[in-house]
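Engineer: Sequential numbering from 9 applies to the sequence shown in this note's numbering. Here you go, one structure.
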Amino acid sequence: MTEHLINRPAAIRACPTCTHPILRATTGGIDVTTDPAPVSITEEITQLLSGHRSYDVLTWGLPQRIFLEWRDPDRIRTRKYPVVTTHGCRVTPPAAGETELVIRTPVHYPEIPLF
Ligand SMILES: [Zn+2]
9 MTEHLINRPA
19 AIRACPTCTH
29 PILRATTGGI
39 DVTTDPAPVS
49 ITEEITQLLS
59 GHRSYDVLTW
69 GLPQRIFLEW
79 RDPDRIRTRK
89 YPVVTTHGCR
99 VTPPAAGETE
109 LVIRTPVHYP
119 EIPLF
């Protein structure tokens, strides 16, 4: 469902509210914050009933990075990966110093072909 939207790998950092470790990632174009510890099925159900969301923890790419994938109604039927749930604190957006910017330089083609 989210394969055409932006996914960014998870990064671990301290929660600005409670200072506990959290995972921050972008999945399906949405920034998410989760606890890093996987939960059991019972814990996942409890979290879902209290309004939290759950995510599969996937590793992908070389070098491998951790991605979170929202457990939509199709994914939630099975457990193929570790599952994490949203962090309980209201996390404020990252400070300006935490934002990573990527500036792409234009490709420079020579005016005279090399061949
Ligand atoms: Zn917190």
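Yeah, the Cβ is synthetic: ideal placement off N, Cα and C, and Gly gets one too. Please read all numbers here as calculations on a predicted model, not as lab measurements.
Please report how far the alpha carbon of I14 lies from the alpha carbon of H60, in whole angstroms.
Structural biologist: If you number the sequence shown from 1, residue 14 lands on position 6. If you number the sequence shown from 1, residue 60 lands on position 52. Roughly 21 Å between the two C-alpha positions.
Engineer: Is H60 near ligand 3, judged by its Cβ being under 7 Å from some heavy atom?
Structural biologist: As far as ligands go, the structure on display features ligand 1 and does not contain ligand 3.
Engineer: Is it right to say L31 is buried, meaning 16 or more other beta carbons lie within 10 angstroms of its own, or is it exposed?
Structural biologist: Start at 1 with the first residue of the sequence shown, and residue 31 comes out as number 23. Buried.
Engineer: Unbroken alpha helix (DSSP H) runs of length 4 or more, entirely within the segment 34 to 94: which are they?
Structural biologist: DSSP runs (the alpha helix (DSSP H)) wholly in the segment 34 to 94: 49 to 57.
Engineer: Pair every Cβ in the segment 88 to 95 with every Cβ in the segment 33 to 48, then say whether three or more of these pairs are closer than 8 Å.
Structural biologist: Result yes; three or more Cβ-Cβ pairs closer than 8 Å.
Engineer: Could you tell me which of T35, W78 and A22 sits nearest to L56, measuring between CA atoms?
Structural biologist: As a first step, residue 56 is located in the sequence shown; it is residue number 48 there, counting from the start. Minimum Cα distance to L56 is reached at W78.
Engineer: Taking all protein chains shown into account, decide if S58 is buried (16 or more other Cβ within 10 angstroms of its Cβ) or exposed.
Structural biologist: Here residue 58 is taken as the residue at index 50 of the sequence shown, counted from 1. Looking at its Cβ environment, which holds fewer than 16 other Cβ atoms inside 10 Å, S58 is exposed.
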